[in-house]
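A short worksheet on the structure shown next.
Residue numbers (the numbering used here): 4 to 337.
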């Protein structure tokens with residue numbers, strides 16, 4: 004059983020905790036929040052884990068070996084750094100860190116603590132439906148690009164329209180469409196096609212200074228991959244990967260709930276499995292098998308692949324931000 008603690012008590016943390024408990028592989032033993040009433044409420048809902056309002060005490064006294072970090076984006080690095088220094092494995096919600104400097108520092112700490120593991124919770128690439136896409140793509144002799152769309156209206160945008168600045172739409176907390184939703188199709192693109200040769204990001208800014216939505220173009224020699232994402236409206240456009248006469252169709256680049264293959268004659272084959280369980284279950288199971296059997300060769304191979312993907316996605320997120328001239332508050336003096 005993997006004892007774990009959590010930082011952050013929002014909906015995505017609740018979903019992760021439910022997935023971890025459903026898997027039967029984890030036990031929640033520590034809850035950190037800045038506010039005791041918030042921590043207590045979350046703990047009572049999820050089995051009565053010990054609560055903490057001081058981060059250092061959480062890491063030094065908490066009875067857990069792994070921590071799941073789902074705080075605002077701008078806090079991930081400091082908390083992950085403290086976790087590794089305290090001897091904890093870390094699972095960090097995407098996007099893991101703001102820039103390559105932070106990622107390099109985490110890599111340095113991991114080298115100093117080779118017994119520890121770092122995972123970025125990129126749930127889409129762990130799903131059976133993503134693996135079905137990977138398998139079909141390998142059978143396509145010609146690839147002529149892709150369009151990946153993930154655009155969902157955020158309820159927090161209502162607050163922006165009322166003149167407020169919630170964390171997910173704030174430069175202070177490393178928010179915006181690229182960071183919060185663009186990371187999904189970016190993970191898809193890099194996991195399937197690798198790092199692009201060239202790239203551009205065309206953001207559409209809102210009144211808080213972040214990108215509310217945007218389009219990124221990744222250039223891969225003979226083809227392009229277009230990423231279309233946003234938090235200020237909804238899109239019902241399918242995502243597609245283009246072969247010569249054949250095409251992989253995906254409902255959207257974040258959920259991957261339905262995947263179909265159309266052959267050269269237009270005949271449709273369903274590739275996806277129905278999503279009937281918590282969407283985070285595949286990733287929590289993957290993380291658990293590495294943590295429980297770190298010496299297994301396949302687990303080591305998978306872990307290094309996920310780590311490399313996280314590094315690459317971190318680099319590309321930063322490069323796309325630079326392309327779109329997006330600078331977070333804590334970077335303005337650097």
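Glycine residues also receive a C-beta, built at the ideal position from the N, C-alpha and C atoms.
One or two residues paired with residue i in a DSSP bridge
i	result
residue 216	207, 233
residue 242	253
residue 202	221
residue 17	Residue 17 pairs with nothing; no bridge assigned.
residue 319	Its beta-bridge partners do not exist; DSSP assigns none.
residue 6	30
residue 271	265
residue 124	96
residue 53	33
residue 154	233
residue 227	222
residue 149	228, 244
residue 69	7, 92
Whole-angstrom distance between residue j and residue i, CA atom to CA atom
i	j	result
residue 117	residue 299	15 Å
residue 105	residue 6	27 Å
residue 270	residue 216	34 Å
residue 78	residue 249	44 Å
residue 39	residue 56	6 Å
residue 63	residue 101	26 Å
residue 203	residue 226	14 Å
residue 30	residue 303	24 Å
residue 134	residue 319	22 Å
residue 92	residue 173	29 Å
residue 305	residue 295	14 Å
residue 88	residue 145	47 Å
residue 323	residue 110	22 Å
residue 325	residue 331	11 Å
residue 65	residue 48	19 Å
residue 58	residue 138	43 Å
residue 119	residue 166	43 Å
residue 232	residue 19	23 Å
residue 41	residue 268	56 Å
residue 94	residue 240	31 Å
residue 297	residue 162	45 Å
residue 13	residue 44	12 Å
Given residue i as reference, the closest of the options once Cα atoms are compared
i	options	result
residue 316	191, 242, 149, 291	191
residue 197	15, 222, 47	222
residue 15	46, 31, 71	71
residue 195	242, 140, 173, 241	140
residue 143	272, 266, 323, 281	266
residue 334	73, 176, 152, 65	176
residue 151	88, 228, 126	228
residue 22	53, 110, 124	124
residue 24	115, 52, 241	52
residue 327	115, 127, 208	208
residue 329	180, 240, 67	180
residue 113	85, 280, 232	85
residue 199	178, 224, 166	224
residue 272	251, 279, 69, 68	251
residue 121	75, 76, 69, 164	69
residue 76	170, 54, 94	170
residue 60	37, 233, 94, 50	37
residue 253	163, 90, 127, 162	127
residue 242	164, 301, 188	188
residue 115	90, 94, 98, 136	90
residue 264	9, 50, 136, 281	136
Beta-carbon proximity list for residue i, same chain, < 6 Å, skipping 5 on both sides
i	result
residue 129	285, 286, 289
residue 132	259, 262, 275
residue 235	160, 215, 216
residue 201	222
residue 73	11, 15, 16, 96
residue 80	100, 105
residue 206	214, 217, 327
residue 338	Lying outside 4 to 337, the shown extent of the chain, residue 338 is not represented and no answer is given.
residue 219	204, 230, 323
residue 46	34, 52, 54
residue 108	none
residue 32	6, 52, 66, 67
residue 278	260
residue 280	none
residue 2	Look at the range of the chain in this structure, 4 to 337, and you will see that residue 2 is not part of it.
Residue i beta carbon near the ligand ZN (any heavy atom closer than 8 Å)
i	result
residue 58	The ligand ZN is absent from the structure shown, which contains no ligands of any kind.
Spatial neighbours of residue i in its chain, beta-carbon cut-off 7 Å, leaving aside the 5 residues before and after
i	result
residue 168	211
residue 148	226, 227, 228, 245
residue 83	72, 93, 95, 109
residue 193	312, 315, 316, 319
Contacting residues, own chain, Cβ-Cβ under 8 Å from residue i (five flanking each side not counted)
i	result
residue 26	284, 287, 288, 291
residue 321	101, 102, 103
residue 4	28, 29, 30
Checklist entry - Does the segment 249-267 come within contact of the segment 175-188, defined as at least 3 CB pairs closer than 8 Å? => result yes
Next on the checklist: Across the segment 144-162 and the segment 303-311, are there enough close Cβ pairs to call them in contact, namely three or more that are closer than 8 Å?
Outcome noted: no
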